[in-house]
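Working notes, beginning with the structure itself.
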Amino acid sequence: MSAAVDSGTGALNGRVHCAESATNGHHDPRPWSQQFLPTPLHLEDSVRAQKVEARLKELVLCGEVLRRVADVFEQEIERGLSEQPSSLQMENTYVPELPDGTEEGVFLALDLGGTNFRVLLLELAAGQLVRQQVKHYHISNALRLGTGEELFNFLADCVLDFVKQLGMEDQTFSLGFTFSFPMKQHSISSGELITWTKSFKCSGLEGVDVAALLERCLRARNLQITVRVLLNDTTGTLIAGAHMHKNVGIGVILGTGSNGCYMERASRVQHWEAAHERVQDVCVDIEWGAFGDNGCLDFIKTDFDREVDAGSLLATSFTFEKYIGGKYLGSILSCVLSALARAGLFPAEPAPDALQTAHLSLFEDENCAGEVSRTMTALREVCAGASITAEDARVAQHVAHVISNRAAQLVSVCISTLVRRMSRPHVAVAVDGSVFKHHPRIARLMRTYIALLAPHHSFSLLGAEDGSGKGSALTAAIAARLATRDS
Ligand code: BGC
């Protein structure tokens, strides 16, 4: 365990930036279906350019195919909501309302989902975040792949370390637990893990109530901490976004993993384990990472995707996440460049696992700027010093562009389907995650594609930060408000 507890000051109330409108004002003269296509590859050697593009054809989706994906997504949503077999879990989160500006109190929040685990102390006064202290703890590979008991004991040790450092180990706390994995929720504060995703694969936790297990581990350390809300990072993002902007109705994570949630009419949700007569809308966690696990999306699966899946920690699951998540985009890039190298269209195969999603962003960044020098340096590193020309760098940049374009298209299919389904005068979408934040043009592509797929609907994408921390505390405060109202 390292580092002191940080006190947040400047950005206490999070950041919501660039609320752009759906259209960018410029008219694309191509037919609708072609407006989704990536920019063509131009090389001095036009025969090589044609051969590369032919090899990448399967990764290029036109408007009609995206419409078909949208239709399947909609059908899977309906099936999931009505508890019929579906690759979309459509989980009832039991979060029935958004922040109203009255949220008060001091809360602990835990954020588990990536390689770091965060413990936060957050104080809300009249809906505003007035104090935030946070400490990051690294979760080793051994813990991520060990037993569930070990992992949760480690989490409780971190909480103990955190409250001790603040001299607050004897205080009573309500806690919001952001657990960013698929769950079967029984209430706003309890839920069972369905399956691990991303880089976690601990044994013995599937089917276990993770909130109860956490509380047990905390009690064993004499900590008086109650889990008031168990939520997913998308719910946290929706709630944090709604705190900043009144029209937010959808929360999206486009990071290591990907997922979305939205406010659905309570009457359309079949699964309830609690009274809900007075509930109008409820947040539904879609778990779109698993979209297509039942084969319904096989019409877009490529050999590259099969290869990435076969080499992944959790093979044959989370099909859709493997097309769009930051954990996988670097692997797709690597597979495609290797295939091009084997076909004599690229100088060398990259070393296994050498290409990361950060490389894809770098290649895209230089591509947008019309440069190649940093791409060439990076390629020499990952291809064991092979000789790389500017033309080779352009090929790699084009591959990165095609992969990024497909990811933007697919996530836009999901968001536009929700925007159409919600049918409100304006829907703001709160988005967080490393790919959305660091990829140089994914946000722009998404705005264009959502507008093309939901042309009669007004929407905006908001970069919403720290849903897993601030959103967790706000949701815990909402849960406290509901408990007082219902008692
Ligand atoms: C998980 C989701 C989560 C998403 C983003 C996925 O792998 O299944 O629950 O929201 O990653 O972190």
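Position 43 of the sequence shown, counting from 1, maps to 43 under the UniProt record's numbering, and the rest follow consecutively. Even for Gly, the Cβ is constructed at its ideal location relative to N, Cα and C. Owing to the predicted nature of the structure, the values given are computational and were not obtained by experimental measurement.
Query                                                                                                                                                                                      : Result
My output table needs one value for M90: the three-state DSSP class, helix, strand or coil.                                                                                                : coil
Count the other CB atoms, across all protein chains shown, that sit within 10 Å of the CB of residue 505; report buried if there are 16 or more and exposed otherwise.                     : Outside the displayed span of the chain (1 to 487) sits residue 505, for which this structure offers no information.
Who are the near neighbours of T256 in its chain, counting only those whose CB is closer than 7 Å to its CB and skipping five residues on each side?                                       : G114, K198, G325, G326, K327, S434
List the residues that DSSP assigns as beta-bridge partners of G251.                                                                                                                       : C261, A430
Out of curiosity, what's the CA-to-CA distance linking D170 and L223?                                                                                                                      : 7 Å
Could you check if H457 is buried or exposed, using at least 16 other CB atoms within 10 Å of its CB as the buried criterion?                                                              : buried
Among the candidates R67, P85, P38, whose CA atom is the shortest distance from the CA of D293?                                                                                            : P85
Please go through the same chain and pick out, in chain order, the residues whose beta-carbon is closer than 7 Å to the beta-carbon of E76, but skip the five residues on each side of it. : S86, S87, L88, F291, C296
Return helix, strand or coil for A125, following the three-state DSSP convention.                                                                                                          : strand
How do the stretch 277-285 and the stretch 440-447 stand: do at least 3 beta-carbon pairs fall below 8 Å, yes or no?                                                                       : no
Which of helix, strand or coil does DSSP assign to L474?                                                                                                                                   : helix
Taking the C-alpha atoms as reference points, what is the distance between L121 and G80?                                                                                                   : 36 Å
Compare the C-alpha of R481 against each of T178, C217, D100 and name the closest.                                                                                                         : D100
Does the Cβ-Cβ distance between A476 and F181 come in under 8 Å?                                                                                                                           : no
Using a threshold of 7 Å, is the CB atom of F181 nearer than that to any non-hydrogen atom of ligand 1?                                                                                    : yes
Assuming S174 and L230 form a contact by the criterion Cβ under 8 Å, report the distance between their Cβ atoms to the nearest whole angstrom.                                             : Incorrect: roughly 12 Å between the Cβ atoms, too far for contact.
On a Cα-Cα basis, can you pick out the residue from V252, T302, T448, V402 that is closest to L418?                                                                                        : V252
Please state whether DSSP places Q150 in a helix, a strand or coil.                                                                                                                        : Checking the displayed sequence, the identity of residue 150 turns out to be Glu instead of Gln. If DSSP states are grouped into helix, strand and coil, E150 belongs with the helices.
Could you please give the first and the last residue of the uninterrupted alpha helix (DSSP H) stretch that includes S174?                                                                 : First-last for S174: 172-179, but that is the beta strand (DSSP E), not the alpha helix (DSSP H).
I'd like the span of the alpha helix (DSSP H) that includes H359, first residue to last.                                                                                                   : 357-369
Quick one, are the C-beta atoms of A430 and V248 less than 8 Å apart?                                                                                                                      : yes
Leaving out five residues before and five after L355 in sequence, what residues of the same chain have Cβ atoms less than 7 Å from its Cβ?                                                 : G330, L333, S334, V382
With distances taken from CA atoms, which of R118, S33, E206, A242 is nearest G471?                                                                                                        : A242
Which one or two residues does DSSP pair with N405 in a beta bridge?                                                                                                                       : Paired residue(s): none; N405 is not in a bridge.
I need the straight-line Cα distance from Y137 to N116, nearest angstrom please.                                                                                                           : 6 Å
Is I450 near ligand 1, going by C-beta to nearest heavy atom under 7 Å?                                                                                                                    : no
Rounded to whole angstroms, what is the Cα-Cα separation between D486 and A400?                                                                                                            : 52 Å
Could you pull the start and end residues of the beta strand (DSSP E) that L340 belongs to?                                                                                                : First-last for L340: 326-342, but that is the alpha helix (DSSP H), not the beta strand (DSSP E).
Roughly how many angstroms separate the alpha carbons of residue 575 and A211, rounded to a whole number?                                                                                  : As displayed, the chain neither begins before 1 nor continues past 487, which places residue 575 out of reach and without an answer.
Give me the Cβ distance between S361 and P440, rounded to the nearest whole Å; I'm assuming they're in contact under 8 Å.                                                                  : 6 Å
For P96, count neighbouring Cβ atoms within 10 angstroms of its own Cβ and tell me buried if that reaches 16, exposed if not.                                                              : buried
Can you say whether N141 is buried or exposed, counting buried as having 16 or more other CB atoms within 10 angstroms of its CB?                                                          : exposed
With a threshold of 7 Å (Cβ to nearest heavy atom), would S258 be considered close to ligand 1?                                                                                            : yes
Tell me which same chain residues have a C-beta within less than 7 Å of the C-beta of R424, skipping the five on either side of it?                                                        : G249
So what's G321 in DSSP terms, helix, strand or just coil?                                                                                                                                  : Gly is not the amino acid found at residue 321; the sequence shown has Glu there. Three-state result, E321: helix.
Could you spell out where the beta strand (DSSP E) holding H186 opens and where it closes?                                                                                                 : 183-187
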